[in-house]
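Student: Per UniProt numbering, the sequence shown runs over residues 1 to 468. The structure's right below; bear with me while I get my questions together.
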Amino acid sequence: MFDGLKDKLSGFTSDVEEDVDEEAVEEEAVEGESTDEASVDDDTAADEAAADEDDSTAAETEPDERTAEGGPGEETVEPEATATASPETTADADTAAEEPPGPVDGDGEPSTDDTDTEPDAETEIPADEDADEEVTGPDAPTGTPATSPEAAAEEAEESDGEADGGDGEDDDNGRSLTQRAKIMATGKTVIEEDDLQRHLDDLEFALLSSDVEMSVAGEILDGVKANLTGQTRRRLSGTGSLVRDALREALYDVISVGQFDFDERVRTADKPVVIVFTGVNGVGKTTTIAKLSQYFEERGLSTVLANGDTYRAGANEQLQKHAQNLGKKVITHEQGSDPTAVVYDAVEYAKANDVDVVLGDTAGRLHTNDGLMDQLAKIDRNIDPDMTLFVDEAVAGQDAVNRAREFDAAAEIDGAVLTKADADPQGGAAISVAHVTGKPILFLGTGQDYDDLEPFDPEEIVDRLLGE
Numbered sequence: 001m002f003d004g005l006k007d008k009l010s011g012f013t014s015d016v017e018e019d020v021d022e023e024a025v026e027e028e029a030v031e032g033e034s035t036d037e038a039s040v041d042d043d044t045a046a047d048e049a050a051a052d053e054d055d056s057t058a059a060e061t062e063p064d065e066r067t068a069e070g071g072p073g074e075e076t077v078e079p080e081a082t083a084t085a086s087p088e089t090t091a092d093a094d095t096a097a098e099e100p101p102g103p104v105d106g107d108g109e110p111s112t113d114d115t116d117t118e119p120d121a122e123t124e125i126p127a128d129e130d131a132d133e134e135v136t137g138p139d140a141p142t143g144t145p146a147t148s149p150e151a152a153a154e155e156a157e158e159s160d161g162e163a164d165g166g167d168g169e170d171d172d173n174g175r176s177l178t179q180r181a182k183i184m185a186t187g188k189t190v191i192e193e194d195d196l197q198r199h200l201d202d203l204e205f206a207l208l209s210s211d212v213e214m215s216v217a218g219e220i221l222d223g224v225k226a227n228l229t230g231q232t233r234r235r236l237s238g239t240g241s242l243v244r245d246a247l248r249e250a251l252y253d254v255i256s257v258g259q260f261d262f263d264e265r266v267r268t269a270d271k272p273v274v275i276v277f278t279g280v281n282g283v284g285k286t287t288t289i290a291k292l293s294q295y296f297e298e299r300g301l302s303t304v305l306a307n308g309d310t311y312r313a314g315a316n317e318q319l320q321k322h323a324q325n326l327g328k329k330v331i332t333h334e335q336g337s338d339p340t341a342v343v344y345d346a347v348e349y350a351k352a353n354d355v356d357v358v359l360g361d362t363a364g365r366l367h368t369n370d371g372l373m374d375q376l377a378k379i380d381r382n383i384d385p386d387m388t389l390f391v392d393e394a395v396a397g398q399d400a401v402n403r404a405r406e407f408d409a410a411a412e413i414d415g416a417v418l419t420k421a422d423a424d425p426q427g428g429a430a431i432s433v434a435h436v437t438g439k440p441i442l443f444l445g446t447g448q449d450y451d452d453l454e455p456f457d458p459e460e461i462v463d464r465l466l467g468e
C-alpha cells in the first residue's frame with residue numbers, strides 16, 4: 001500500500017540528510033582552519049608572555065651588586081638570597097657557634113682548617129640555585145618563591161584561555177570564534193532554507209506525481225520548511241531523524257483533519273444509528289456496507305441493511321446476497337421505488353426490533369445529476385441520518401479528491417471511505433481527501449473479504465509512508 005509514494009518520500013529524506021551533512025562537514029573544515037590559525041597566534045602570544053615573565057623574574061631575583069657592596073656613605077644591604085639560605089646550611093652555622101673555639105696557632109689566630117668548612121653568615125647564595133632548590137619540612141620558609149619560567153608559561157596559557165572566553169572576532173557568517181568553537185564542541189549545525197529549496201522542489205514533484213492535490217502538496221511543503229528551517233542537528237546523529245520528524249508532522253497535519261472517534265460516536269448516539277452511503281457508480285459502496293455490518297457485529301452492535309439504490313438493475317440481489325452471507329436482515333423495494341421510503345422502512349424495522357444500526361445504500365451518481373442529488377437532500381430532510389459517508393476508490397487519485405469535494409458541496413458529508421487501498425501505490429487520495437473536504441477518512445478497504453476493512457489511523461498511515 002502506497003509503496004510508490006513511500007519510496008519517493010524516502011528518497012527526499014536521504015537526499016536532504018546527505019546534502020546537509022556534506023555542507024556541515026565543509027563548514028567544519030573551514031572552522032577547523034580558522035581555529036588552527038587562532039591557535040598558532042595564541043601559542044606565539046603565550047611564548048612572548050613567558051619570555052617577558054622570565055626576564056622580569058630574573059631581574060627581581062638577582063641582587064644589585066652596587067647595593068650589596070655598598071658605596072661610600074651608603075648602608076650596606078645584604079642580598080635577598082641570604083635570607084633564603086637552606087635550613088641545612090643555617091643549622092650547620094648554629095652548631096659551629098655553640099662549639100668551643102678550635103686550637104690557636106702560633107700567631108694567636110684561630111686555625112682556619114675547620115672554619116673553612118663552615119658557611120659564613122654573610123655568604124651569598126646564588127639566586128638561581130636558591131630559586132631552583134625545593135624547600136621542604138617544618139623549617140621551610142613561608143614566603144612566596146620566585147616564579148619559574150615554566151610556571152610563567154603556564155600562567156600565560158591560562159590567561160590566554162580566559163581571554164578566548166570573551167567575544168572574538170566575527171567570521172563572515174557573523175559568528176564569533178567562541179560561537180564557532182561552541183558549535184564544534186556540541187556537534188551542531190543550523191539547517192538553512194537554501195539547503196532545502198532544491199529538495200523541496202523535488203518533494204513537490206514527488207507529491208504531485210503521486211496524485212496529491214496541489215493545495216495539499218503546498219501545505220506539506222510549507223510544513224516541512226517551517227519545521228526544518230533554522231533548526232539545529234547533531235553531526236554525530238545526522239539529519240535523517242530531524243528530516244523525518246519534520247515530514248511526519250507535515251503529513252500528519254493534512255491527513256488527520258477532522259478526525260473523530262467513529263466507534264465512540266456510534267456507541268453514544270441514540271439508537272438506531274442511521275448511516276447513509278453515497279458516491280459514484282462502481283466504487284464499492286455496497287461491499288463497504290457489508291463490511292461495516294461485519295465490523296459492527298464484531299463490536300456487539302446489530303445491523304439492518306437498506307437498499308436505497310432503486311435504479312440499478314441487480315442492486316437488490318447484490319445486497320441480498322451479502323445479507324445472506326452475513327445472516328443480516330435487508331429491506332428492499334421494487335426497482336424504481338423512492339429511496340427515501342426504503343430507508344424509512346429500515347429505520348422503523350430497527351426501532352421495532354431493537355436493532356442498533358441502519359446501513360442505507362443509495363444509487364451511484366455524479367454530483368452534476370440534479371435528480372439524484374435531490375434524492376440525497378430528500379433523505380436528509382426526512383430521515384436526518386446520523387452520518388453520510390462518501391465512498392470512492394483510493395486508486396482514483398485526483399478524481400476521487402475532486403469528487404469528494406463536489407459531493408461535500410452538494411450534500412454535506414461527514415466522512416469518507418476509500419476502497420481498493422491495497423492496490424494503490426501512490427496514496428494521493430488518502431493524503432488529500434480529508435484536507436480538501438475538511439472531513440476525515442474513516443476507513444480503508446483493503447480486499448474483497450468482509451474483514452478487509454481498516455479503521456483509518458493517521459499515525460499508522462504516516463508510519464507506512466515513511467517506511468516505519
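Ideal Cβ placement from N, Cα and C applies to all residues, glycine included.
1. Starting from the Cα of V401, find the closest Cα among A429, V391 and A377 and give me that residue.
2. How should S210 be labelled, buried or exposed, when 16 other C-beta atoms within 10 angstroms of its C-beta is the threshold for buried?
3. Could you spell out where the alpha helix (DSSP H) holding F262 opens and where it closes?
4. If you measure between the beta carbons of F407 and T278, is that distance less than 8 Å?
5. Could you name the residues of the same chain whose beta carbon sits closer than 6 Å to that of G106, not counting the 5 residues immediately before and after it, in chain order?
6. Within 8 Å (strictly less), CB to CB, does A350 reach chain B?
7. To the nearest angstrom, how far is it from the Cα of L257 to the Cα of R405?
8. Assuming L359 and L442 make a contact with CB atoms under 8 Å, what is their CB distance in whole Å?
9. What are the uninterrupted segments assigned as beta strand (DSSP E) that are 3 or more residues long and contained completely in the region 305-390, given in chain order?
10. Roughly how many angstroms separate the alpha carbons of V276 and E192, rounded to a whole number?
11. Kindly identify the DSSP beta-bridge partner or partners of I289.
12. Where does the unbroken alpha helix (DSSP H) through T437 begin, and where does it stop?
13. Can you give the Cα-Cα distance for D463 and D338, rounded to whole angstroms?
14. Out of V347, A363, D270 and L444, point me to the one whose CA is closest to D424's CA.
15. Applying the 10 Å Cβ sphere with the 16-neighbour rule, what's the burial state of Q448?
16. By the 10 Å Cβ neighbour count, where 16 or more other Cβ atoms means buried, how is E65 classified, buried or exposed?
17. L465 lies in the alpha helix (DSSP H); which residues open and close that run?
18. Less than 8 Å between the C-beta atoms of Q320 and V330, yes or no?
19. Can you look up residue 469 in the DSSP assignment and give me helix, strand or coil?
20. Can you say whether N325 is buried or exposed, counting buried as having 16 or more other CB atoms within 10 angstroms of its CB?
21. Is it buried or exposed, G308, if we count other Cβ atoms within 10 angstroms and call 16 or more buried?
22. Excluding the five sequence neighbours on either side, which residues of its own chain have a C-beta within less than 6 Å of the C-beta of A246, listed in chain order?
23. According to DSSP, is I220 part of a helix, a strand, or is it coil?
24. Residues in its own chain within less than 7 Å of D422 by CB, not counting five upstream and five downstream?
25. Would you mind reading off the limits of the beta strand (DSSP E) that contains F2?
26. Is it right to say F260 is buried, meaning 16 or more other beta carbons lie within 10 angstroms of its own, or is it exposed?
27. In its own chain, which residues sit with a C-beta less than 6 Å from the C-beta of L208, not counting the 5 before and 5 after it?
28. If you compare alpha carbons, which of S215, D354, R265 and V417 is closest to V283?
29. Note down the Cα distance separating K8 from P440, rounded to an integer number of angstroms.
30. Residues in the same chain with beta-carbon distance under 8 Å from residue 469, minus the five sequence neighbours each way, listed in chain order, please.
31. With DSSP run on the structure shown, which of helix, strand or coil describes D392?
32. Could you work out which residue in A250, K285, V16 and D263 is closest to D392 when comparing CA atoms only?
33. What did DSSP end up calling T229 once you bin it into helix, strand or coil?
34. With 16 other CB atoms within 10 Å as the buried threshold, where does S241 fall?
35. With burial defined as no fewer than 16 other Cβ atoms inside 10 Å of the residue's Cβ, what is the status of A411: buried or exposed?
36. Applying the 10 Å Cβ sphere with the 16-neighbour rule, what's the burial state of E169?
Tutor: Well, looking at it:
1. Residue numbering aside, residue 401 sits at position 401 when the sequence shown is read from its first letter. Per the Cα distances, A429.
2. If you number the sequence shown from 1, residue 210 lands on position 210. S210 comes out buried.
3. By 1-based counting over the sequence shown, the position of residue 262 is 262. Where F262 is concerned, the enclosing alpha helix (DSSP H) stretches over F262 to T268.
4. Start at 1 with the first residue of the sequence shown, and residue 407 comes out as number 407. Start at 1 with the first residue of the sequence shown, and residue 278 comes out as number 278. For F407 and T278, yes; Cβs fall inside 8 Å.
5. Against the sequence shown, residue 106 aligns to sequence position 106. Note that G106 scores 43 on pLDDT, short of 50, meaning its location in the model is unreliable; the coordinates nonetheless yield the value given after this. If we look at G106 and ignore the five residues flanking it on each side, it has no Cβ neighbours.
6. In the displayed structure, chain B is absent; only one protein chain is listed.
7. Residue numbering aside, residue 257 sits at position 257 when the sequence shown is read from its first letter. Residue numbering aside, residue 405 sits at position 405 when the sequence shown is read from its first letter. Note that residue 257 is Val in the sequence shown, not Leu. Near 14 Å, if we compare the C-alpha coordinates of R405 and V257.
8. Stepping through the sequence shown from its first residue, residue 359 is reached at position 359. Stepping through the sequence shown from its first residue, residue 442 is reached at position 442. At roughly 14 Å, the Cβ-Cβ gap does not stay under 8 Å, so L359 and L442 are not in contact.
9. 329-331 and 357-362
10. Within the sequence shown, residue 276 is the residue found at index 276, counting from 1. Within the sequence shown, residue 192 is the residue found at index 192, counting from 1. Straight-line Cα distance between these residues: approximately 50 Å.
11. Taking the first residue of the sequence shown as position 1, residue 289 is located at position 289. For I289, which the question treats as bridged, DSSP gives no partner whatsoever.
12. In the sequence shown, the residue the question calls residue 437 occupies position 437. Note, T437: alpha helix (DSSP H), G428 to T437.
13. For the purposes of this step, residue 463 is identified with residue 463 of the sequence shown, where counting begins at 1. For the purposes of this step, residue 338 is identified with residue 338 of the sequence shown, where counting begins at 1. Approximately 45 Å between the Cα atoms of the pair.
14. Translated into the one-based positions of the sequence shown, residue 424 becomes position 424. The option with the nearest alpha carbon to D424 is L444.
15. The count along the sequence shown starts at 1 and reaches residue 448 at position 448. Q448 comes out exposed.
16. Mapped onto the sequence shown, residue 65 falls at position 65. Low confidence applies to E65: its pLDDT is 46, below 50, so where it sits in the model is not reliable enough to give any reading.
17. Position 465 of the sequence shown, counted from the start, is the residue given in the question as residue 465. Taken as a continuous stretch (DSSP letters only), the alpha helix (DSSP H) holding L465 covers P458 to L465.
18. Here the question's residue 320 lines up with position 320 in the sequence shown. Here the question's residue 330 lines up with position 330 in the sequence shown. In contact: Q320 and V330 (Cβ atoms closer than 8 Å).
19. No answer is possible for residue 469: the residues shown for the chain start at 1 and end at 468.
20. Stepping through the sequence shown from its first residue, residue 325 is reached at position 325. Counting Cβ neighbours within 10 Å, N325 comes out exposed, since fewer than 16 surround it.
21. Along the sequence shown, read from residue 1 onward, the residue named residue 308 stands at position 308. Flag for G308 reads buried.
22. Translated into positions along the sequence shown, residue 246 becomes position 246. Closer than 6 Å at Cβ, skipping near neighbours: V224, N227 and L228.
23. On the sequence shown, position 220 is the one that residue 220 refers to. Helix, per DSSP.
24. Numbered from its first residue, the sequence shown carries residue 422 at position 422. Same-chain partners within the cutoff: M1, T446 and G447.
25. In the sequence shown, counting from the first residue as 1, residue 2 sits at position 2. Looking at the DSSP string, F2 is not in any beta strand (DSSP E), and its letter there is neither H nor E.
26. On the sequence shown, residue 260 is found 260 positions in, with the first residue counted as 1. The residue is exposed, with fewer than 16 neighbouring Cβ atoms inside 10 Å.
27. As a first step, residue 208 must be located in the sequence shown, where it is residue number 208. Same-chain partners within the cutoff: A217.
28. Here the question's residue 283 lines up with position 283 in the sequence shown. Of the listed residues, the one whose Cα sits closest to V283 is V417.
29. For the purposes of this step, residue 8 is taken as residue 8 along the sequence shown, with counting starting at 1. For the purposes of this step, residue 440 is taken as residue 440 along the sequence shown, with counting starting at 1. Near 25 Å, if we compare the C-alpha coordinates of P440 and K8.
30. Beyond the ends of the chain as shown, which are 1 and 468, falls residue 469; an answer cannot be given.
31. Residue 392 sits at position 392 when you count from the first residue of the sequence shown. DSSP places D392 in strand when its eight states are reduced to three.
32. Indexing the sequence shown from 1 puts residue 392 at position 392. Selected option, being the one with the closest Cα: K285.
33. Within the sequence shown, numbered from 1, the residue matching residue 229 stands at position 229. Correct three-state label for T229: coil.
34. For the purposes of this step, residue 241 is taken as the residue at position 241 of the sequence shown. Per the 10 Å Cβ criterion, exposed.
35. Against the sequence shown, residue 411 aligns to sequence position 411. With 16 or more other Cβ atoms within 10 Å, it is buried.
36. The count along the sequence shown starts at 1 and reaches residue 169 at position 169. With a pLDDT of only 49 at E169, under 50, the local geometry of the prediction cannot be trusted, and no value is derived from it.
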